[in-house]
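Reading through the structure tokens given below for one structure.
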């Protein structure tokens, strides 16, 4: 689904399982500072955004680009 699970007030995660992969992919969004949301794929830093809306909208596209390069 498209729901982010809340790990803590500053950390949200989503696990994506795929039949093509043995291990699931973990996406994380972390509020690092007041206006800095960081996006991670499998604990690898990908990008920073100013707002939750920006990072949550960019995450699917960034994940899509990432999985195509694996």
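In our numbering, the protein residues as written are 17 to 86. Glycine included, every Cβ here is placed at the ideal spot set by N, Cα and C.
Burial state of residue i (16 or more Cβ within 10 Å)
| i | result |
| --- | --- |
| residue 31 | exposed |
| residue 68 | exposed |
| residue 75 | buried |
| residue 55 | buried |
| residue 39 | exposed |
Rounded Cβ spacing between residue i and residue j (contact assumed at less than 8 Å)
| i | j | result |
| --- | --- | --- |
| residue 82 | residue 57 | 5 Å |
Distance CB(residue i)-CB(residue j) smaller than 8 Å
| i | j | result |
| --- | --- | --- |
| residue 64 | residue 20 | no |
Residue interval of the beta strand (DSSP E) (run including residue i)
| i | result |
| --- | --- |
| residue 66 | Premise fails: residue 66 is in no beta strand (DSSP E) and is neither H nor E. |
| residue 22 | 21 to 24 |
When the options are compared against residue i, the one with the closest alpha-carbon
| i | options | result |
| --- | --- | --- |
| residue 27 | 43, 80 and 84 | 43 |
| residue 25 | 61, 79, 47 and 66 | 47 |
| residue 51 | 59, 66, 60 and 37 | 66 |
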